[in-house]
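Asker: Everything in the sequence shown is counted per UniProt numbering, starting at 1 for the first residue and increasing by one.
Glycine included, C-beta positions come from ideal geometry on N, C-alpha and C.
Since this is a predicted model, take the numbers as computed values, not measurements.
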Amino acid sequence: MFEFLRGERPSFSSMDINEVDTLENPFLLDVRELDETAEGIIEGAHLIPLSQLLGQIDQLPKDKEIYVICRSGNRSRRACAFLSDRGFQCVNMTGGMKNYTGPTVRG
Numbered sequence: 001m002f003e004f005l006r007g008e009r010p011s012f013s014s015m016d017i018n019e020v021d022t023l024e025n026p027f028l029l030d031v032r033e034l035d036e037t038a039e040g041i042i043e044g045a046h047l048i049p050l051s052q053l054l055g056q057i058d059q060l061p062k063d064k065e066i067y068v069i070c071r072s073g074n075r076s077r078r079a080c081a082f083l084s085d086r087g088f089q090c091v092n093m094t095g096g097m098k099n100y101t102g103p104t105v106r107g
C-alpha cells in the first residue's frame with residue numbers, strides 16, 4: 001500500500017518553495033499535521049496531512065499539477081512519490097515552510 005516508503009525513485013519534479021509566488025493559480029497541497037500549521041500556511045493551500053492522504057486522495061485534481069508543501073521538504077517528497085505512483089502530476093516544494101519567506105495566513 002505504501003510503496004513510497006520503499007525508496008523507489010518516482011517521476012516528479014522539484015521546485016524551491018520560494019518560487020511558489022511566481023506560479024499562476026497553483027493547486028497547493030500542504031501535508032503537514034494540523035498542529036504544525038499554527039506558524040501559518042500559504043494562502044489557498046489545501047491542508048491534508050500526510051497521515052490522511054490515502055483517505056482523502058479523491059479530493060485532489062488529476063488534471064492539474066499539485067505543488068506539495070511540508071515543513072522541510074521530506075514529507076512532501078514522500079507525498080509526491082505516493083501520488084505520482086497513482087497517476088497524479090506533482091511538484092515537491094523543496095525547503096519547506098521552514099525556509100519560506102513569502103506571506104502566510106493563520107493555519
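Anyone know if the C-beta pair for Arg106 and Gly40 falls short of 9 Å?
Answerer: Closer than 9 Å, so yes.
Asker: For the beta strand (DSSP E) containing Leu29, name the first residue and the last one.
Answerer: Its beta strand (DSSP E) spans residues 27-30.
Asker: Run through DSSP, which three-state label would Leu47 get?
Answerer: Of the three classes helix, strand and coil, the one that applies to Leu47 here is strand, per DSSP.
Asker: Could you tell me which of Glu24, Phe27, Leu47 sits nearest to Asp35, measuring between CA atoms?
Answerer: For Asp35, the nearest C-alpha among the options comes from Leu47.
Asker: In the DSSP assignment, what residue or residues form a beta bridge with Val68?
Answerer: Beta-bridge pairing links Val68 to Leu29, Asn92.
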